[in-house]
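**Q** In the working numbering, the protein residues as written are 2 to 243. There's a structure below that I have some questions on.
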């Protein structure tokens, strides 16, 4: 196979394998395409009638488990549910640009001080994780999640981010989206949820596999009452969705 002599600045030459160079270029091209795909998809997701799916939903399809998801436009979802999810999951959703840096700094400070690690993911970050990434704690995933969250907030309006999140979030094994969750747990549409039912669904989100909004324990009931009260007083905090 022919070799190419490449000379450096000192005039010294070395042999370069053209096959190796072509392979390297292909690998770089694939990496660039994979990096750009989420950005291109975000522009597609600007279209209201496009209904994105999550990586967990795709996994359920590939493993032949199937799933239940019924898309519900945000204007038809009970405002009590939207407000409850916001105050429970990301109280600064309307004011940050995809990342709540103040919350992240607080988590880092706690970690340095030896305190137990806690979550600092915004709704935007959780949407990005559900759309493009994977579950589990990982520095690699977080490194990808941060720039994608900034891009998502820059490309999609806040109402669309919330709409997508509420329609791809997991509310139990094979249960995705608020409409499927409301029907499964309460036998009614997401448009007809009471404020207490909305609060139960909101506080289920951090651990939907172990928490059951239809059968809440005492601790879950206590947190739900707090979320319900805060959702009723949310006011300007949810202004970006109105």
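Built from N, CA and C at the ideal position, the CB exists for glycine as well.
Taking the alpha-carbon of residue 183 as reference, which of 53, 158, 63 and 83 has the nearest alpha-carbon?
**A** 83
**Q** Mind checking residue 243: buried by the 16 CB within 10 Å criterion, or exposed?
**A** exposed
**Q** Looking at residue 125: is its Cβ nearer than 7 Å to the Cβ of residue 101?
**A** no
**Q** Taking buried to mean at least 16 other C-beta atoms within 10 Å of its own C-beta, is residue 119 buried or exposed?
**A** At residue 119 the pLDDT is 47, less than 50, meaning the model places this residue with poor confidence and gives no usable figure here.
**Q** List the endpoints of the continuous alpha helix (DSSP H) containing residue 132.
**A** Element bounds for residue 132: 124-133.
**Q** Check this for me: beta carbons of residue 79 and residue 206, under 7 Å apart or not?
**A** Contact: no.
**Q** Kindly indicate which residue of 163, 172 and 233 has the alpha-carbon position closest to the one of residue 197.
**A** Closest by alpha carbon: 233.
**Q** Can residue 131 and residue 190 be called in contact, C-beta distance under 7 Å?
**A** No, these two residues do not count as a Cβ contact at 7 Å.
**Q** Can you name the start and end residues of the alpha helix (DSSP H) that residue 244 belongs to?
**A** With the chain represented from 2 up to 243, any question about residue 244 goes unanswered, as that position is not in the structure.
**Q** How should residue 64 be labelled, buried or exposed, when 16 other C-beta atoms within 10 angstroms of its C-beta is the threshold for buried?
**A** Residue environment: residue 64 is assigned as exposed (fewer than 16 neighbouring CB atoms within 10 Å of its CB, all protein chains considered).
**Q** Secondary structure at residue 40, three-state DSSP: helix, strand or coil?
**A** helix
**Q** Under the rule that 16 or more other beta-carbon atoms within 10 Å means buried, what is residue 211, buried or exposed?
**A** Burial call: exposed.
**Q** Roughly how many angstroms separate the alpha carbons of residue 81 and residue 167, rounded to a whole number?
**A** 13 Å
**Q** Relative to the C-alpha of residue 69, which candidate in 93, 175 and 25 has its C-alpha closest?
**A** 175
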